[in-house]
Amino acid sequence: MKGSWQMDKKFQKIRDDFPILKQRINDEPLVYLDSAATSQKPQAVIDAVADYYQTINANTHRSVYTLGQQATDQYELARKKIQNFINAQFSKEVIFTKGTTDSLNLVASSYGEDNIQAGDEIVITYMEHHSNLIPWQQLAIKKHVVLKYIELTSDGQLDMTDAVNKITDKTKIVAVAHASNVLGVTNDIKKLAQIAHSHNAVIVVDGAQAVPHQPVDVQELNADFYAFSGHKMLSPMGIGVLYGKKELLEQMSPYQFGGEMINSVEKFNSTWSELPWKFEAGTQNVSGAIGLGKAIDYLNNVGMEEIAEYEQELVDYALPRLLNIKGLTIYGPHDSHNHNAVISFNFNNLHPHDVATAFDMDGVAVRAGHHCAQPLMKYLGVVATVRASFYFYNTKADVDKLLQAIADTKEFFRV
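Residue 25 in numbering that gives the first Met the number 0 sits at position 26 of the sequence shown, and the numbers go up by one each step.
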């Protein structure tokens, strides 16, 4: 473990790798605090994507010429990097998708369609992003099954006692976020998996807010399915991953049909390719996969444990100072040790959009709205919140600028 000063110095230097952080907004240095929506990209990832288009642009798995083979090699190398990054047992358990939303819809449309029957139950939580709510909601409507919500504690954490009560022998799927995109909480996936499996249910995990920020071992978690997006972890948009246990994926029907996912096609019937290509119909986002592979190289070089430790330092610095501001309401745990790098709040009676617009005048970019979590907003009794989300390229100086933006906003609106 490095000392705080050494760590601050290391991560200050990392900012130089991100070209976008060098610009100014409204004549103010950019303070980007919306990484929960999408992360910025280091030059190494930008260069890797450009290099693909400049030197080996070709379709994968279809050509015997040199460029086609090189594209295929790089695409499959990226899959291998992802396997190692999340510690999947087999590379064929890594399915390339457009992102977390696409991955979760794949599970609902394939596994859900094949395995859910009338009278079954699906259990989710009040903190789910719409991407891990609507697919199960619509499946429940279509299949005439019961959709249950696990309650939250008073400080916004998952109520594990209620989880034990809600997950029963009727439960077939438990779908839960590894980390909330609003409340700043990280859920005990390993414990939830144990509960689900004790009732012969599968657990589907939305890992979009976890994989970029902490080491994730899908075998240790014992997740049956685990979904995440590349663009939240330094890679281009439009690329994501679905991890699934091999024995489950092999039993599932294809999600989409077309080129490259077939074994053979006859006039009135077809057979499907083996994993993982059974779920990768059509021309894939090869440059995105290569960019994700390079992003994983970058993250590994920095060190996921160090990233988690450094972000905890930022939260330890930011959260107590925000809690001391009169008129500011913080959602989620107030103990920084139980709060990750997503901090959502409201400020007096100001609309979150007005607050975010005022912050932007100071060059501080935060999110305002319902954060694709409308049931959670209603559960909290609010319409929307302001959300500041940190990544390892942020600094304590960024926190100070956020605090100054709050002070300036308070003065401007006279609240």
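Glycine included, C-beta positions come from ideal geometry on N, C-alpha and C.
Nearest neighbour of Gly-26, chosen from Ile-405, Leu-379, Tyr-392 and Val-363 [CA to CA]: According to the sequence displayed, residue 26 carries Asp and not Gly. Shortest Cα-Cα distance from Asp-26 to any of Ile-405, Leu-379, Tyr-392 and Val-363 involves Val-363.
Endpoints, the alpha helix (DSSP H) within which Phe-84 is located: Per DSSP, the continuous alpha helix (DSSP H) segment holding Phe-84 begins and ends at 65-85.
Distance CB(Asn-199)-CB(Leu-157) smaller than 8 Å: No, the pair does not count as a contact, with Cβ atoms beyond the cut-off.
Length of the line joining the Cα atoms of Thr-167 and Ala-222: Rounded to the nearest whole angstrom, the CA to CA distance from Thr-167 to Ala-222 is 18 Å.
First and last residue of the uninterrupted beta strand (DSSP E) at Gly-368: Where Gly-368 is concerned, the enclosing beta strand (DSSP E) stretches over 366-368.
Cβ neighbours of Tyr-378 in the same chain (closer than 6 Å, five flanking residues each side left out): Exclusion of the five residues before and after Tyr-378 leaves Tyr-125 as the residues of its chain whose Cβ lies within less than 6 Å of its Cβ.
Pairwise C-alpha distance: Leu-132 and Ala-139: If you draw a straight line from the Cα of Ala-139 to the Cα of Leu-132, it comes to about 11 Å.
Those residues which DSSP pairs with Pro-214 across a bridge: BP columns for Pro-214 are empty, so no partner.
Beta carbon of Leu-220 nearer than 8 Å to that of Leu-298: With a cutoff of 8 Å on beta-carbon distance, Leu-220 and Leu-298 are scored as not near each other.
Strand pairing of Thr-124, partner residues [DSSP]: When DSSP reads this structure, Thr-124 sits in a beta bridge with Ile-149.
Same chain, Cβ closer than 6 Å to Thr-170, neighbours up to 5 away in sequence not counted: Glu-120, Val-122, His-198 and Ala-200.
C-beta contact flag for Ile-81 and Leu-241 at 8 Å: Taking 8 Å as the Cβ cut-off, Ile-81 and Leu-241 do not qualify as a contacting pair.
is_contact[Gly-239, chain C] using C-beta, thresh 8 Å: The structure shown contains no chain C; it holds only a single protein chain.
In DSSP terms, what Glu-265 is bridged to: DSSP output for Glu-265 lists no bridge partner at all.
Completely contained beta strand (DSSP E) runs for the stretch 267-295, where each covers 3 or more residues: Runs found: 269-271.
Within 8 Å, strictly: CB atoms of Met-303 and Gln-218: A distance of 8 Å or more separates the beta carbons of Met-303 and Gln-218.
Close-in-space but distant-in-sequence residues of the same chain around Ser-228 (CB under 7 Å, 5 per side omitted): Scanning its chain for C-beta atoms nearer than 7 Å, with the 5 sequence neighbours on each side dropped, one finds around Ser-228 the residues Gly-98, Thr-99, Ala-207 and Gly-239, in chain order.
Reduced DSSP secondary structure (H/G/I, E/B, other) of Ile-94: In the structure shown, Ile-94 falls within a strand segment according to DSSP collapsed to helix, strand and coil.
Close Cβ partners of Gln-11 (< 7 Å) along its chain, the five nearest in sequence each way excluded: For Gln-11, where only same-chain residues beyond five positions count, the Cβ hits under 7 Å are Thr-394.
Of the residues Gly-155, Lys-141, Asp-161 and Lys-142, the one placed nearest Ile-149, counting alpha carbons only: Of Gly-155, Lys-141, Asp-161 and Lys-142, the residue nearest in Cα terms is Asp-161.
Residue range of the unbroken beta strand (DSSP E) whose run includes Asn-345: In the DSSP annotation of this structure, the continuous segment of the beta strand (DSSP E) that includes Asn-345 starts and ends at 341-346.
Where Pro-235 falls, given that 16 or more other Cβ within 10 Å makes a residue buried: Per the 10 Å Cβ criterion, buried.
Cβ-heavy atom distance, Phe-278 to the ligand ATP, below 7 Å: Of ligands this structure carries none, so the ligand ATP is not represented either.
Cutoff 8 Å; reference Trp-271; Cβ partners in own chain excluding five residues on either side: Closer than 8 Å at Cβ, skipping near neighbours: Pro-253, Met-260, Ile-261, Asn-262 and Lys-277.
Environment of His-338 [buried if 16+ CB atoms lie within 10 Å]: With 16 or more Cβ atoms within 10 Å of its Cβ, His-338 is classed as buried.
Beta-carbon proximity of Phe-344 to Thr-384, cut-off 8 Å: Contact check for Phe-344 against Thr-384 passes: the beta carbons are separated by less than 8 Å.
Endpoints, alpha helix (DSSP H) assigned at Ala-404: In the DSSP assignment, Ala-404 falls within the alpha helix (DSSP H) that extends over 395-412.
Length of the line joining the Cα atoms of Ala-36 and Asp-296: Taking the straight line joining both Cα atoms gives about 22 Å.
Phe-224: first and last residue of the uninterrupted alpha helix (DSSP H) it sits in: Where Phe-224 is concerned, there is no enclosing alpha helix (DSSP H), although the beta strand (DSSP E) it sits in stretches over 224-228.
Distance between beta carbons of Ala-174 and Val-203, contact taken as under 8 Å: Confirmed, about 4 Å.
Residue nearest to Met-251 in terms of C-alpha spacing, selected from Ile-115, His-350, Val-44 and Ile-45: Cα-wise, what sits closest to Met-251 is Ile-115.
Test item: CB-CB of Ile-290 and Ala-47 under 8 Å: For the record, residue 290 in the displayed sequence is Gly; it is not Ile. Between Gly-290 and Ala-47, the CB-CB gap stays under 8 Å.
Residue burial classification, Gln-42 (beta-carbon count within 10 angstroms, cutoff 16): With fewer than 16 neighbouring CB atoms inside 10 Å of its own CB, Gln-42 falls in the exposed class.
Residue burial classification, Phe-419 (beta-carbon count within 10 angstroms, cutoff 16): There is no way to answer for residue 419, as the model of the chain reaches only from 0 to 414.
8 Å Cβ cutoff met for Pro-211 and Ser-38: Yes, the Cβ-Cβ distance between Pro-211 and Ser-38 is below 8 Å.
Bridge partner(s) assigned by DSSP for Pro-28: In the DSSP secondary-structure assignment, Pro-28 is bridged to Arg-23.
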